[in-house]
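K.L.:
There's a structure below that I have some questions on.
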Amino acid sequence: MKRRDFVKKATLGSLATLIGAEIVFGARMPEGYQPLALQDPDPFKMFSKNKDMVVLNDKPWNMEAAAHLLDDDITPNASMFIRNNGLVPENIDVSKWTLTIDGESVVNKKTYTLAELQSKFEHHTYQLTIECGGNGRSEFNPPAQGNQWTVGAVHCASWTGVRLRDVLKDAGIKNDAVYIGFHAADLHLSRDAGKEAISRGCPMAKALQDETILAFKMNGEDIPFIHGHPLRLMAGGWPASVSGKWLTGISIRNKVHDGSKMTGDSYKVPCKPIAPGETVKEEDLCIIESMPVKSLITFPKSGAMIKAGTALNIRGHAWAGELEVANMEYSIDFGSTWKPAVLKKPVNRLAWQHFSAKVEFPQKGYYEVWAKATDTKGMAQPMLVPGWNPKGYLNNACHRIAVKVN
Amino acid sequence: MAKKEDFPNLITKIYNLMLLVISLVILAGGALVYYAIDPDFSVFQLPSAPIAATETVNEVDELNKIENGIHVRTGLVDAEGLMTVVNNCTYCHSAKIILQNRMNTDRWNATIKWMQETQNLGDLGSNQEVIVNYLVTNYPPKMIGRREILTNIDWYELKTNNN
Numbered sequence: 092m093k094r095r096d097f098v099k100k101a102t103l104g105s106l107a108t109l110i111g112a113e114i115v116f117g118a119r120m121p122e123g124y125q126p127l128a129l130q131d132p133d134p135f136k137m138f139s140k141n142k143d144m145v146v147l148n149d150k151p152w153n154m155e156a157a158a159h160l161l162d163d164d165i166t167p168n169a170s171m172f173i174r175n176n177g178l179v180p181e182n183i184d185v186s187k188w189t190l191t192i193d194g195e196s197v198v199n200k201k202t203y204t205l206a207e208l209q210s211k212f213e214h215h216t217y218q219l220t221i222e223c224g225g226n227g228r229s230e231f232n233p234p235a236q237g238n239q240w241t242v243g244a245v246h247c248a249s250w251t252g253v254r255l256r257d258v259l260k261d262a263g264i265k266n267d268a269v270y271i272g273f274h275a276a277d278l279h280l281s282r283d284a285g286k287e288a289i290s291r292g293c294p295m296a297k298a299l300q301d302e303t304i305l306a307f308k309m310n311g312e313d314i315p316f317i318h319g320h321p322l323r324l325m326a327g328g329w330p331a332s333v334s335g336k337w338l339t340g341i342s343i344r345n346k347v348h349d350g351s352k353m354t355g356d357s358y359k360v361p362c363k364p365i366a367p368g369e370t371v372k373e374e375d376l377c378i379i380e381s382m383p384v385k386s387l388i389t390f391p392k393s394g395a396m397i398k399a400g401t402a403l404n405i406r407g408h409a410w411a412g413e414l415e416v417a418n419m420e421y422s423i424d425f426g427s428t429w430k431p432a433v434l435k436k437p438v439n440r441l442a443w444q445h446f447s448a449k450v451e452f453p454q455k456g457y458y459e460v461w462a463k464a465t466d467t468k469g470m471a472q473p474m475l476v477p478g479w480n481p482k483g484y485l486n487n488a489c490h491r492i493a494v495k496v497n
Numbered sequence: 009m010a011k012k013e014d015f016p017n018l019i020t021k022i023y024n025l026m027l028l029v030i031s032l033v034i035l036a037g038g039a040l041v042y043y044a045i046d047p048d049f050s051v052f053q054l055p056s057a058p059i060a061a062t063e064t065v066n067e068v069d070e071l072n073k074i075e076n077g078i079h080v081r082t083g084l085v086d087a088e089g090l091m092t093v094v095n096n097c098t099y100c101h102s103a104k105i106i107l108q109n110r111m112n113t114d115r116w117n118a119t120i121k122w123m124q125e126t127q128n129l130g131d132l133g134s135n136q137e138v139i140v141n142y143l144v145t146n147y148p149p150k151m152i153g154r155r156e157i158l159t160n161i162d163w164y165e166l167k168t169n170n171n
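Protein sequence lines correspond, in order, to chains A and B. So for the first sequence, our numbering puts the first residue at 92; every next one is plus one. So for the second sequence, our numbering puts the first residue at 9; every next one is plus one.
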């Protein structure tokens, strides 16, 4: 009945009605724009991703890895999660690309071409762990709103660029500077040119760190288009949303940056713990800074069946936001006992660390191998999903895999 | 006398008849030529509405096909309010973000408010209730506790097992 009504309506109208644009957004639909309904892109080809990646959303594009795809020490593009708040830029002209440093607290507003950035400032390469603030959101109860990431919205690639600090100092930082905010070329979902899809930032202390860079290379090559080519801000250890892609500007602010996704409840958690499902006033929400301690078993893939009497070699990565992971353990009895894993030091600050262990099972049967990391301040991963928050951020609960001994 | 007068009249009558026949032949010929070009005589019909309507219906049928109770193009459940949701909610973003979420009435309304404040969504009027009812009816929150058991485990024989 409903459908027939719609068909009747549609016969009187145009294609705009067919794809359902008319009621709310028809007036804003640009001429010649092909609505999503009529496109058939293959994201795996388009972004050169592993076929085991999972598409969470296609407008905007959001895609996550599975734990076993993240086994490499340095994450290759094929396994890197994709997170977008807006639509990807449509035209990228590297020869005309510029970065403008402005804001209330800049001494001299300055614009640099890519070539100028690359020739004027010293290059640095760091392996940086970038995790989406909402990684693990799917486990919150009551369910939290947003893309339902499981475990795969994290990666650690090798990034090359110039220090943000060097560039900001070249333009000049006033004494009253407290925050930076980035600007980028991606489009607001509504295609409103007056709105930014995302414009987040960080306090000056983070902006001035050695490892906070304006990157133009990833894993030794041009940054893949979907990960921010030709210029990306990299702020390792913080929610990945601070690492702005397709970077066109940095504002040095004399107050906390108030760009898109800095306000409301985006990338914020209750300053004081609340009960699951409780409502929180905006003024009682605090901006997420460093991500919490976490780890992932990347080998074997969950579901491994082994023969009784054989040991299982497991491995994975652990990270702790601004901190280092101090200790790594695993359990095969749901946390009754924990055994130590071998943990390596990070290659550089903010890079994830690799762990391994030889696991023995006392008898045949079903097991789960749980992994638990503890940071240098003694904070460990919880086995249960941690404090509920409205947007489902910061789930750093232990990762586990299923194993059968036959 | 009468016959003398009749003769020119007859000529006139025959002449008029001939004119009529010739005109008819020309008209019929013209019609035949036109028929060859446009067999449907579409020029004499009202603006092509019926044809366009047929095509549009087919496109709509294809675009809004329902299979096994699912609206194929979006993956949304075929239930009351489906097309209101499709028409209002899948222009800016994909239906995939709807399918991923489970919220109650208050939180869906709060999410719509957020979209109006930050994402250029307009006033939904009476559609808002239809949309939210559809969502809470077909995609209600699932209670999953503090930690779920592992499900959908893809079991496989692990052969190489060396670090």
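Just so you know, even glycine gets a beta-carbon here, dropped at the ideal spot from N, CA and C.
Would you list the residues sitting across from residue 465 of chain A in a DSSP beta bridge?
P.N.:
According to DSSP, which records beta bridges pairwise, residue 465 of chain A is partnered with A:418 and A:471.
K.L.:
Would you kindly report the start and end of the unbroken beta strand (DSSP E) that includes residue 210 of chain A?
P.N.:
Here residue 210 of chain A belongs to no beta strand (DSSP E); instead the alpha helix (DSSP H) covers 205-211.
K.L.:
For a minimum of 3 consecutive residues, which ranges assigned as the beta strand (DSSP E) are wholly contained in the region 227-276 of chain A?
P.N.:
The region 227-276 of chain A contains these whole beta strand (DSSP E) runs: 245-254 and 270-275.
K.L.:
Closest by CA to residue 435 of chain A, which one among A:212, A:450, A:449 and A:419?
P.N.:
For residue 435 of chain A, the nearest C-alpha among the options comes from A:419.
K.L.:
Excluding the 5 residues flanking residue 97 of chain B on each side, which residues of the same chain have their C-beta closer than 8 Å to its C-beta?
P.N.:
Closer than 8 Å at the Cβ level, and outside the excluded window around residue 97 of chain B, lie 103, 106 and 139.
K.L.:
Quick one: any contact between the region 202-221 of chain A and the region 180-190 of chain A, if contact means 3 or more CB pairs under 8 Å?
P.N.:
With a cut-off of 8 Å, the region 180-190 of chain A and the region 202-221 of chain A count as touching, because enough Cβ pairs lie within range.
K.L.:
Could you tell me whether the Cβ of residue 360 of chain A comes closer than 8 Å to any Cβ of chain B?
P.N.:
No, residue 360 of chain A lies away from the interface with chain B (no Cβ there is under 8 Å from its Cβ).
K.L.:
Are the region 77-90 of chain B and the region 141-151 of chain B in contact at 8 Å, needing three or more beta carbon pairs?
P.N.:
With a cut-off of 8 Å, the region 141-151 of chain B and the region 77-90 of chain B count as touching, because enough Cβ pairs lie within range.
K.L.:
Just verifying my parser: in three-state terms, what is the DSSP assignment at residue 294 of chain A?
P.N.:
In this structure, residue 294 of chain A counts as strand in the three-state DSSP scheme.
K.L.:
Tell me whether residue 57 of chain B sits in a helix, a strand or coil according to DSSP, three-state version.
P.N.:
Since pLDDT at residue 57 of chain B reaches only 42, below the 50 mark, its modelled position is unreliable, and the value read off the structure follows with that caveat. In this structure, residue 57 of chain B counts as helix in the three-state DSSP scheme.
K.L.:
Just curious, the alpha helix (DSSP H) that residue 123 of chain B is in, first and last residue?
P.N.:
Unbroken alpha helix (DSSP H) run through residue 123 of chain B: 113-126.
K.L.:
Counting beta carbon pairs with one atom in the region 347-362 of chain A and one in the region 282-297 of chain A, are three or more of them shorter than 8 Å?
P.N.:
Yes, the region 282-297 of chain A touches the region 347-362 of chain A.
K.L.:
What residue does the alpha helix (DSSP H) around residue 145 of chain B start on, and which one ends it?
P.N.:
Element bounds for residue 145 of chain B: 135-146.
K.L.:
Can you tell which of A:496, A:495, A:488 and A:494 has the C-alpha that lies nearest to the C-alpha of residue 156 of chain B?
P.N.:
Ranking A:496, A:495, A:488 and A:494 by Cα distance to residue 156 of chain B puts A:488 first.
K.L.:
If residue 82 of chain A sits next to residue 247 of chain A, beta carbons under 8 Å apart, how far is it from one beta carbon to the other, in whole angstroms?
P.N.:
There is simply no residue 82 of chain A to check, as chain A begins at 92 and stops at 497 in what is shown.
K.L.:
Counting contacts by CB-CB distance shorter than 8 Å, is residue 108 of chain B in contact with chain E?
P.N.:
Of the protein chains in the structure, A and B, none is chain E.
K.L.:
Please list the terminal residues of the continuous beta strand (DSSP E) segment that includes residue 154 of chain A.
P.N.:
Here the beta strand (DSSP E) through residue 154 of chain A covers 152-155.
K.L.:
Residues in the same chain with beta-carbon distance under 6 Å from residue 498 of chain A, minus the five sequence neighbours each way, listed in chain order, please.
P.N.:
Because chain A spans 92 through 497 in this model, residue 498 of chain A falls outside it and cannot be assessed.
K.L.:
With distances taken Cα to Cα, identify the nearest neighbour of residue 68 of chain A among A:178, A:346, A:479 and A:380.
P.N.:
For chain A, the structure presents residues 92 to 497; residue 68 of chain A sits outside this window and is missing.
K.L.:
Please determine, among A:162, A:184 and A:335, the residue with the shortest C-alpha to C-alpha distance to residue 393 of chain A.
P.N.:
It is A:162.
K.L.:
Whose Cβ in chain B lies nearer than 8 Å to the Cβ of residue 137 of chain A?
P.N.:
Chain B residues near residue 137 of chain A: none, gap ~15 Å exceeds 8 Å.
K.L.:
Could you check what DSSP says for residue 146 of chain A in three-state terms: helix, strand or coil?
P.N.:
Residue 146 of chain A: strand per DSSP, three-state reduction.
K.L.:
For residue 48 of chain A, collect the residues of the same chain with a Cβ closer than 6 Å to its Cβ; drop the 5 residues on either side in sequence, then sort them by chain order.
P.N.:
Since the displayed chain A opens at 92 and closes at 497, residue 48 of chain A lies outside it and no answer follows.
K.L.:
Which residues, in order along the region 127-159 of chain B, keep a beta-carbon less than 8 Å from a beta-carbon of chain A?
P.N.:
Listed by position, the residues of the region 127-159 of chain B near chain A (Cβ gap below 8 Å) are 127, 128, 129, 130, 132, 135, 149, 150, 151, 152, 153, 154, 155, 156 and 158.
K.L.:
Quick check: is any heavy atom of the ligand MG less than 7 Å from the C-beta of residue 224 of chain A?
P.N.:
This structure lacks the ligand MG, and indeed carries no ligand of any kind.
K.L.:
Contact criterion: CB-CB distance below 8 Å. Does residue 396 of chain A meet it with respect to chain B?
P.N.:
By this cut-off, residue 396 of chain A is an interface position.
K.L.:
With a threshold of 8 Å between beta carbons, is residue 121 of chain A in contact with chain B?
P.N.:
Note that residue 121 of chain A scores 42 on pLDDT, short of 50, meaning its location in the model is unreliable; the coordinates nonetheless yield the value given after this. Output row for residue 121 of chain A: interface = no.
K.L.:
Considering only their Cβ atoms, is the gap separating residue 343 of chain A from residue 197 of chain A smaller than 8 Å?
P.N.:
The answer is yes: Cβ separation under 8 Å.
K.L.:
Less than 8 Å between CB atoms is the rule here; does residue 111 of chain B satisfy it with respect to chain A?
P.N.:
Yes, contact with chain A.
K.L.:
With distances taken between CB atoms, is the gap from residue 421 of chain A to residue 460 of chain A smaller than 8 Å?
P.N.:
A contact, by the Cβ cut-off of 8 Å.
K.L.:
In chain B, what lies closer than 7 Å to residue 147 of chain A by C-beta?
P.N.:
Those within 7 Å of residue 147 of chain A in chain B are 104 and 108.
K.L.:
Identify the continuous alpha helix (DSSP H) that holds residue 325 of chain A and give its terminal residues.
P.N.:
Unbroken run through residue 325 of chain A is the beta strand (DSSP E), 323-325; no alpha helix (DSSP H).
K.L.:
Please confirm whether residue 498 of chain A and residue 152 of chain A have their CB atoms less than 8 Å apart.
P.N.:
For residue 498 of chain A there is no data in the structure shown, the boundaries of chain A being 92 and 497.
K.L.:
How many angstroms separate the CA atom of residue 110 of chain B from the CA atom of residue 262 of chain A?
P.N.:
Their backbone Cα atoms lie some 47 Å apart in a straight line.
K.L.:
Do the CB positions of residue 324 of chain A and residue 414 of chain A come within less than 8 Å of each other?
P.N.:
In this structure, residue 414 of chain A does not lie closer than 8 Å to residue 324 of chain A by Cβ.
K.L.:
Please confirm whether residue 84 of chain B has its beta-carbon closer than 8 Å to some beta-carbon of chain A.
P.N.:
With 8 Å as the cut-off, residue 84 of chain B does not count as an interface residue toward chain A.
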